[in-house]
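Participant: Before anything else, here's the structure in question.
Residue numbers (this note's numbering): 1 to 93.
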C-alpha cells in the first residue's frame with residue numbers, strides 16, 4: 001500500500017500533496033486526541049476507585065508496610081487492588 005500511495009502522490013500537484021499531508025496529519029491528531037482522552041478518563045476512574053474508601057486503603061497500606069519491608073511496593077500495589085473489591089470494578093475484572 002505504501003508504494004501505491006507514493007505512486008499516487010507523484011501524480012498530484014504540489015498543492016494537492018500539501019492538502020493530502022494536511023488531511024493525514026489532522027486525522028492522526030484526531031486519533032491521538034481520542035487516545036489521550038480515553039487515557040485521562042481511565043486515570044480519573046482509577047482515582048475515584050482509589051478514593052472510595054480511603055480509610056480502609058490507608059489501614060491496609062500501613063499493615064503491609066509493617067508486615068514486609070523487602071517487597072513493600074509490590075505488595076502495596078497488589079493490596080490496593082484487592083482492597084477495592086469486585087463490586088467496585090464495573091468491567092468485572
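Backbone N, C-alpha and C fix where the C-beta goes; we use that ideal spot for every residue, glycine too. Computed from a prediction, not measured in an experiment: that's the story for all the values here.
Would you identify the three-state DSSP class for residue 11, choosing helix, strand or coil?
Facilitator: One-based indexing of the chain shown puts residue 11 at position 11. The answer is coil: DSSP assigns residue 11 none of H, G, I, E or B.
Participant: Helix, strand or coil for residue 46 per DSSP?
Facilitator: Here residue 46 refers to the residue found at position 46 of the chain shown. Looking at residue 46 - three-state DSSP - the assignment turns out to be helix.
Participant: DSSP three-state call for residue 28: helix, strand or coil?
Facilitator: Along the chain shown, one-based indexing puts residue 28 at 28. Helix, per DSSP.
Participant: Quick one: what's got a C-beta closer than 7 Å to residue 41's C-beta in the same chain, skipping five residues either side?
Facilitator: As a working mapping, residue 41 is identified with position 41 in the chain shown. Counting only Cβ-Cβ distances below 7 Å, and skipping sequence neighbours, we find nothing.
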